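Student: The opening position of the sequence shown corresponds to residue 0 in numbering that gives the first Met the number 0, with each subsequent residue numbered one higher. Just so you know, even glycine gets a beta-carbon here, dropped at the ideal spot from N, CA and C. Quick caveat: nothing in here was measured; it's all calculated off a predicted structure. Quick one: the structure is below, and I'll ask about it shortly.
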Amino acid sequence: MLITILYTLGVFALSYFDDTLLKAEVALIKQIDFKDLLLDHMLSFLLFAGALHTNFQQLKVQRWPILLFATLGVLVSTFLVGGIMFYLLQLLGLEVKFIYCLLFGALISPTDPIAVLGILKKANVPKKLETKIVGESLFNDGVGVVVFLTIYQIATSESSDFDFLGVAELFGIEVIGGIVFGLLLGWITYRLLRSIDDFDIEVIITLSAVMGGTIIAQKLHLSAPLAIVAAGLVVGNDTLRNTSMSETTELYVDKFWELIDILLNAVLFVLIGMEMLVLVFEGKYFLAGLLAIPVILVCRFISLWFPIKLFKEKLDFVPNTNLIMTWGGLRGGISIALALGLSSEMHRELFLVITYIVVVFSILAQGLTIGGLVKKLNRN
0 MLITILYTLG VFALSYFDDT LLKAEVALIK QIDFKDLLLD HMLSFLLFAG
50 ALHTNFQQLK VQRWPILLFA TLGVLVSTFL VGGIMFYLLQ LLGLEVKFIY
100 CLLFGALISP TDPIAVLGIL KKANVPKKLE TKIVGESLFN DGVGVVVFLT
150 IYQIATSESS DFDFLGVAEL FGIEVIGGIV FGLLLGWITY RLLRSIDDFD
200 IEVIITLSAV MGGTIIAQKL HLSAPLAIVA AGLVVGNDTL RNTSMSETTE
250 LYVDKFWELI DILLNAVLFV LIGMEMLVLV FEGKYFLAGL LAIPVILVCR
300 FISLWFPIKL FKEKLDFVPN TNLIMTWGGL RGGISIALAL GLSSEMHREL
350 FLVITYIVVV FSILAQGLTI GGLVKKLNRN
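What follows is the structure, given as structure tokens:
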């Protein structure tokens, strides 16, 4: 992504002499529906690849704090970020409704599993803590998308007496229904894998489960990300995979999904870097983005405090868990994709610039230093 950003800045510099290349690239980026590409097509493959290689036993042990991180943590962060940004934007002379600031809080609060998984592989984070961060990121993006869509529905509703009971019911169906459907999908995939011993067909079965499961979940209005994560955890469970796959099949399935993960990650981060071409960088927008960085980090630290405090002694948390999880909670393509889904009256350009600045800082500053932070804290 850093290489792409530097390349894009080079294209901007070149445009002062000849803007042919800049115009061609802007036209290309505008043809790509980033939101549709990521949320409807790429995300399920990336989540399945991540869930497939997650330690199920550790996840089971850490399930309660992960559940609170991914639900209560996201909700607390959404309202904290939304509230602070509302007053911050007022100070900058930007009149933005509170509900739209809440939308920004919802899209920026979930950590991005794609960015998190890619960075943690090289950061040497203790396994207990890695499971918490990975588990949270796998589930909280699905919850975050549902929270975002719920607030979006409230923001676009013309009725003053909005049915909050109906919203809560919709939220429950999306989240719980998505997980239940994912578990069923995972079990069916497991039974199919167990019924045959042919590695190429078994690889295709896992691919079909992701593609078919995503389409069915979307048709049933369930959370496709949560469904695919649940299915991936079932298929990747060591106990089940030992009875459903031969060693040869395990090797090919793992390598196939690792390759999918690497290829789609490369495409995604190049696209994030190139999105800079179509942003509107006004002075106040840029300043708001810079101010949003410490706000979001502080709000994340606060939102993690209660679950960590509640389970700290029982589950023997690693020292400085909150600090590492705050700095290691990266934002990525999902936040940008959701920001692109805002309408112009929701101040799309403003929140897109803020989101982009936060994501770039998150991946480049936090992502490239989390390994060093972990080593330093472990030494101390």
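(1) Please state whether the Cβ-Cβ distance between Ala50 and Ile261 is less than 9 Å.
(2) Determine the closest residue to Phe255 out of Gly328, Ala48, Gly9, Asp18, with distance taken between C-alpha atoms.
(3) Assess, as a yes-or-no matter, whether the stretch 243-253 is touched by the stretch 188-204 under the definition of 3 or more beta carbon pairs within less than 8 Å.
(4) Could you tell me the alpha carbon to alpha carbon distance between Leu296 and Leu367, rounded to whole angstroms?
(5) Count the CB pairs spanning the stretch 135-149 and the stretch 170-183 that are closer than 8 Å, and state whether there are at least three.
(6) Answer yes or no: do Tyr355 and Ala336 have a C-beta to C-beta separation smaller than 9 Å?
(7) Leaving aside the five residues before and after Glu453 along the sequence, list all residues of the same chain whose C-beta is less than 8 Å from its C-beta, in chain order.
(8) Should Pro318 be labelled buried (16 or more other beta-carbon atoms within 10 Å of its own) or exposed?
(9) Since Leu27 is in the alpha helix (DSSP H), which residue starts that stretch and which ends it?
(10) By how many angstroms is the C-alpha of Ile195 removed from the C-alpha of Val358?
(11) In its own chain, which residues sit with a C-beta less than 6 Å from the C-beta of Pro306, not counting the 5 before and 5 after it?
(12) Please give the ranges of any alpha helix (DSSP H) in the stretch 325-354, keeping only runs that are unbroken, at least 4 residues long and fully inside the region.
(13) What does the alpha-carbon distance come out to for the pair Phe268 and Phe33?
(14) By how many angstroms is the C-alpha of Glu129 removed from the C-alpha of Arg190?
(15) Check whether the stretch 71-85 and the stretch 232-242 are in contact - that is, three or more C-beta pairs closer than 8 Å.
(16) In angstroms with no decimal places, state the Cα-to-Cα distance between Val294 and Ile353.
(17) Determine whether the beta carbon atoms of Ala216 and Leu88 lie at a separation below 9 Å.
(18) May I have the straight-line CA-CA distance separating Ala229 from Gly185, to the nearest angstrom?
(19) Is Leu111 near Leu329, with beta carbons less than 9 Å apart?
(20) List the whole-angstrom C-beta distance separating Arg299 from Thr325, where the pair is believed to meet the contact cut-off of C-beta under 8 Å.
(21) What whole-angstrom Cβ distance do Thr205 and Val252 have, given they're in contact under 8 Å?
(22) Label Thr19 either buried or exposed according to how many other C-beta atoms from any shown protein chain fall within 10 Å of its C-beta, with 16 as the threshold for buried.
(23) So, with DSSP's three-state summary, where would you put Tyr15?
(24) According to the neighbour-count rule (16 or more other Cβ atoms, all chains shown, within 10 Å of its Cβ), is Gln152 buried or exposed?
(25) Taking the alpha helix (DSSP H) that Glu246 belongs to, which residues open and close that run?
(26) Would Thr3 and Ile271 qualify as a contact pair, given that the criterion is a beta-carbon distance under 9 Å?
(27) Residue range of the alpha helix (DSSP H) that Thr242 falls in?
(28) I'd like to know whether the C-beta atoms of Val73 and Ser43 end up nearer to each other than 9 Å.
(29) Which same chain residues end up closer than 6 Å to Ser302 when comparing Cβ atoms and leaving out the 5 residues on each side of it in sequence?
(30) Could you say which of Val115, Glu249, Thr70 lies nearest to Leu192 if we only look at CA atoms?
(31) Taking only the alpha-carbon atoms, compute the straight-line gap between Leu164 and Phe16 and give it to the nearest angstrom.
(32) What is the DSSP secondary structure of Ile195, counted as helix, strand or coil?
(33) Alpha carbons only, please: which of Met210, Pro125, His220 is nearest the one belonging to Lys374?
Tutor: To lay it out plainly:
(1) No, the Cβ-Cβ distance between Ala50 and Ile261 is not below 9 Å.
(2) Phe255 has its Cα closest to that of Ala48, out of Gly328, Ala48, Gly9, Asp18.
(3) Verdict: yes, contact present.
(4) 16 Å
(5) yes
(6) no
(7) The chain is shown from 0 up to 379; residue 453 falls before or after that span and cannot be answered.
(8) exposed
(9) In this chain, the alpha helix (DSSP H) harbouring Leu27 covers 19-30.
(10) Val358 and Ile195 have their C-alpha atoms some 43 Å from each other.
(11) These residues qualify, in order along the chain: Pro64, Leu67, Phe68.
(12) Counting only runs of 4 or more, we get 332-339.
(13) 11 Å
(14) 30 Å
(15) The stretch 71-85, when compared against the stretch 232-242, does not touch it at the 8 Å Cβ threshold.
(16) 12 Å
(17) no
(18) Between Ala229 and Gly185, the C-alpha separation is close to 7 Å.
(19) Reading off the sequence, residue 111 comes out as Asp, not Leu. Yes, they are a contact pair.
(20) Sure, about 5 Å apart at Cβ, within 8 Å.
(21) With 8 Å as the limit, Thr205 and Val252 qualify as a contact, their Cβ atoms being about 6 Å apart.
(22) exposed
(23) coil
(24) exposed
(25) 246-273
(26) yes
(27) Its alpha helix (DSSP H) spans residues 237-243.
(28) No; because the gap between Cβ atoms is not below 9 Å, this pair is not in contact.
(29) Around Ser302: Gly72, Val75, Ser76.
(30) Glu249
(31) 58 Å
(32) Assignment of Ile195 by DSSP, reduced to helix, strand and coil, places it in the coil class.
(33) The alpha carbon of Lys374 has as its nearest neighbour, out of Met210, Pro125, His220, the alpha carbon of Pro125.
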